[in-house]
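Chemist: What follows is a structure written as structure tokens; I'll ask about it next.
Protein chains: 2
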Amino acid sequence: MRETGVKDRILETASRLFYDQGYNQTGINQIIDEADIARASLYHHFPSKTDLLLAYLDRTHELWFEELEIHMRPIAGARERLLALFDFRVRRQLKLKYKGCHFNKIVAEACEDPQVFDRVRAHKDRFRKYIYDLVRQTGHRHTDDDTLADTIFLLLEGGIAMGALYRSPEYTEKGRRIVASFL
Amino acid sequence: MRETGVKDRILETASRLFYDQGYNQTGINQIIDEADIARASLYHHFPSKTDLLLAYLDRTHELWFEELEIHMRPIAGARERLLALFDFRVRRQLKLKYKGCHFNKIVAEACEDPQVFDRVRAHKDRFRKYIYDLVRQTGHRHTDDDTLADTIFLLLEGGIAMGALYRSPEYTEKGRRIVASFL
DNA sequence: GTCTATAAAATGATAGAC
DNA sequence: GTCTATCATTTTATAGAC
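Same order as they appear, the protein sequences are chains A and B. Going by our numbering, the first residue of the first sequence is number 2, and it counts up by one from there. Going by our numbering, the first residue of the second sequence is number 2, and it counts up by one from there.
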């Protein structure tokens, strides 16, 4: 069993469990069992559970934007691309069974660790910038360039949160229709 | 020490800790210590930690709408009342130090208990209806009565979530400005 | 109803052999 | 680097005296 294989399997298993069950409800023992690795192997690669959490956030952040790029690649036109952000989120909700935003979930678990907050903020900041750039391309040259971008961002965040509660994409879809009426 | 006094003190202490630290990160022992009651007294009034959680949700729900009523009472006019919803949320964010929505936090902690989900949905349903009723009073007799209400609801939810992340009321305030431009 | 003592299991993390 | 055995805490919950 190659080292990288083991390390990856640990991180993949931990990622799945952290998202499905919650970080605090996932014990080290369960990760060891389900990844089928030795106890000491986990602590060799990740000295503490917090290190595993930070690696989870980094990995999820990377995968998130990779999937976004794949989704957005074939879509042309700033207006259509803005609406595609909602489609991207709806598709993810379906795929992930409406368990909400990976990052907001971790913040909600009352983790006070500043390293965690920094990573989550960095993730949201980057996505917000992505929206802002698209809005500018629509030709909306009003003073409220940013207001439109903020609206889209908040509707997406609200839609994901309510999707997790109602186990439904309907709020994200409502957000899409609202934005479509603006553009 | 009267029974009701003990029971109330347990629930008050648990409520504070569940919100500040998170439900899963709060142990029964800490509640017993900080409420300064006997171990068996807690289990007498609340047979399990889940019972305590359900009582917390019920209590928070009641207090939430009581505080909303107090905030809204002096405000006249449907438009002003709709905007006052944002002010109410901003004021709460300041008071509660930006720890987010009590109810969304519990859902995010990956509690699968249907009794929990039912209570959180009931809370959101009631607030959503509150918004819908106000929107109808504005005279907005468009087909998109509900769309406006949904917009307000989602902007509020997104604002609270981002408030918890950025420890700032700015996103809720942005939501207010967005809605003010509609009305 | 409240008390203390304790159970039974799970937690995150470490030691030392190989 | 991987293994097994184990530690010290902490977890939720119960028993039985008063």
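Think of the CB as a built atom: it goes at the ideal place given N, C-alpha and C, for glycine as much as any other residue. These figures come from a predicted structure and were not determined experimentally.
From the DSSP output, in three-state form, read off S42 (chain A) for me.
Modeler: Helix.
Chemist: Whose C-beta lies closer than 8 Å to the C-beta of L18 (chain A) among residues of the same chain, with five residues either side of it excluded?
Modeler: Only T27, Q31, I32 and E35 meet the Cβ criterion.
Chemist: Helix or strand or just coil, what does DSSP make of F154 (chain B)?
Modeler: Helix.
Chemist: Using C-beta distances below 7 Å, list every residue in its chain close to H103 (chain B), excluding the 5 sequence neighbours before and after it, in chain order.
Modeler: If we look at H103 (chain B) and ignore the five residues flanking it on each side, its Cβ neighbours are Y20 and T61.
Chemist: In the DSSP assignment, the alpha helix (DSSP H) including A77 (chain A) goes from what residue to what residue?
Modeler: Segment: none, A77 (chain A) is in no alpha helix (DSSP H) and carries neither H nor E.
Chemist: Give a yes or no on whether 7 Å exceeds the smallest Cβ distance from E4 (chain B) to chain A.
Modeler: Low confidence applies here, because E4 (chain B) scores a pLDDT of 49, under 50, leaving its location unreliable; read the following figure in that light. So, not an interface residue.
Chemist: Which class does M2 (chain B) belong to by DSSP, given the choice of helix, strand or coil?
Modeler: Here the model assigns M2 (chain B) a pLDDT of 44, short of 50, so the residue's position is not dependable, and the following value carries that caveat. Of the three classes helix, strand and coil, the one that applies to M2 (chain B) here is coil, per DSSP.
Chemist: Determine the contact status of V7 (chain B) and S42 (chain B), defining contact as a CB-CB distance below 7 Å.
Modeler: Going by C-beta atoms, V7 (chain B) is nearer than 7 Å to S42 (chain B).
Chemist: What do you get for R120 (chain A), buried or exposed, if any count of 16 or more other CB atoms within 10 angstroms of its CB means buried?
Modeler: Classification for R120 (chain A): buried.
Chemist: Are the region 75-89 of chain A and the region 111-131 of chain B touching, with three or more C-beta to C-beta distances below 8 Å?
Modeler: Contact fails: fewer than three Cβ-Cβ distances are below 8 Å.
Chemist: Three-state secondary structure (DSSP) at H124 (chain A)?
Modeler: In the structure shown, H124 (chain A) sits in a helix (DSSP, three-state: H, G or I).
Chemist: Let's test the definition: count the other Cβ atoms within 10 Å of the Cβ of A151 (chain B) and tell me whether it reaches 16, buried, or not, exposed.
Modeler: Ala is not the amino acid found at residue 151 (chain B); the sequence shown has Asp there. With 16 or more other Cβ atoms within 10 Å, it is buried.
Chemist: Starting from the C-beta of E13 (chain B), find all residues in its chain whose C-beta is less than 8 Å away, skip the five residues before and the five after it, and write them out in chain order.
Modeler: So the list reads A36, once near-sequence residues are dropped.
Chemist: Considering only C-alpha positions, which residue in the set A:S182, A:E63 and A:G101 is nearest to G159 (chain B)?
Modeler: Of the candidates A:S182, A:E63 and A:G101, the one whose C-alpha sits nearest the C-alpha of G159 (chain B) is A:G101.
Chemist: If we require 4 or more residues per run, which alpha helix (DSSP H) segments fall completely within the region 81-109 of chain A?
Modeler: Runs of the alpha helix (DSSP H) inside the region 81-109 of chain A: 103-109.
Chemist: Between L234 (chain B) and the rest of its own chain, which residues show a CB-CB distance below 7 Å, the 5 nearest in sequence each way excluded?
Modeler: Missing from the structure shown is residue 234 (chain B); chain B here goes from 2 to 184 and no further.
Chemist: Within 7 Å of any Cβ in chain B, is that where the Cβ of T152 (chain A) sits?
Modeler: Output row for T152 (chain A): interface = yes.
Chemist: Which residues in chain A have a C-beta closer than 8 Å to the C-beta of Q116 (chain B)? List them in chain order.
Modeler: Those within 8 Å of Q116 (chain B) in chain A number zero; the least Cβ separation is about 14 Å.
Chemist: Would Y24 (chain A) pass as a contact of E113 (chain A) if the rule is Cβ separation under 7 Å?
Modeler: No.
Chemist: Less than 7 Å between CB atoms is the rule here; does E110 (chain B) satisfy it with respect to chain A?
Modeler: So, interface residue.
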